[in-house]
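Reading through the structure tokens given below for one structure.
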Amino acid sequence: MKNTLLTIFAALCVMLCMNVAEAQVVNYEPHVTLDELQVDYRWQRERVFAKNSNAVLNLQLTNLSGSHINVHFVVAYYRDGQLFFESEENVICLRPDQRLRGGRAGLRFVADGILLEDVGKETFDWDILISEIHEVSDCE
Numbered sequence: 005m006k007n008t009l010l011t012i013f014a015a016l017c018v019m020l021c022m023n024v025a026e027a028q029v030v031n032y033e034p035h036v037t038l039d040e041l042q043v044d045y046r047w048q049r050e051r052v053f054a055k056n057s058n059a060v061l062n063l064q065l066t067n068l069s070g071s072h073i074n075v076h077f078v079v080a081y082y083r084d085g086q087l088f089f090e091s092e093e094n095v096i097c098l099r100p101d102q103r104l105r106g107g108r109a110g111l112r113f114v115a116d117g118i119l120l121e122d123v124g125k126e127t128f129d130w131d132i133l134i135s136e137i138h139e140v141s142d143c144e
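Residue numbers for the sequence shown follow our numbering, so the first one is 5 and each next one is one higher.
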């Protein structure tokens, strides 16, 4: 009886861990692929449990080349075809085959007043404006 309860408890723990691990998988949507750079994105709320929280754009950059590259870019949001938000210029260095994403990599962008429901409207658009991609000898 004790072994049966222990087995059931262990099975439940394993199932719970699998569900938590599955919930941690973050899916990014493809945006654009250049010769040596793939850009993917996903939207989320700035504060998870606040429905009227600003929308956050998380980018994922993947270096498809065999060289270190520096990527210079800005992120722009458009409403009715008019620019209303543009980030500062960002420079990201990627090692060969490296993938960087989200806030820890400086790839998280928020514009005050844009909600998650707004980004799905036809009047809203965004883009990553890449000004330069060049090879470097190493990432510092």
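For glycine and all other residues, C-beta sits at the position ideal for the given N, C-alpha and C.
Mapping DSSP to helix, strand and coil, what is residue i?
i	result
Leu16	helix
Arg149	Because the chain in this structure spans residues 5 to 144, residue 149 falls outside the shown range and cannot be described.
Gly85	coil
Thr66	strand
Val60	strand
Glu26	Residue confidence for Glu26 is low, a pLDDT of 46 falling below 50, so the modelled location carries little weight; the figure read from the coordinates is stated next. Glu26: helix per DSSP, three-state reduction.
Measuring only the C-alpha atoms, how far is residue i from residue j?
i	j	result
Gln86	Val123	14 Å
Arg112	Thr8	48 Å
Ser71	Arg99	7 Å
Asn67	Val75	10 Å
Leu120	Thr11	43 Å
Phe53	Tyr45	21 Å
Ile118	Asn58	5 Å
Ile96	Glu50	22 Å
Arg83	Glu90	12 Å
Glu26	Leu16	Note that Glu26 has pLDDT 46, beneath the 50 cutoff, so the model's placement of it is unreliable and the number below is only indicative. The straight-line gap from Cα to Cα measures roughly 15 Å.
Name the DSSP beta bridge partners of residue i, please?
i	result
Pro34	Asp44
Ile73	Leu98 and Glu139
Val79	Ile132
Arg103	Thr66
If you drop the 5 nearest sequence neighbours on each side, which residues of the same chain put their C-beta closer than 6 Å to that of residue i?
i	result
Val36	Val43
Notebook entry, point to check: Is the number of C-beta pairs between the segment 59 to 68 and the segment 88 to 108 that are closer than 8 Å three or more?
Noted result: yes
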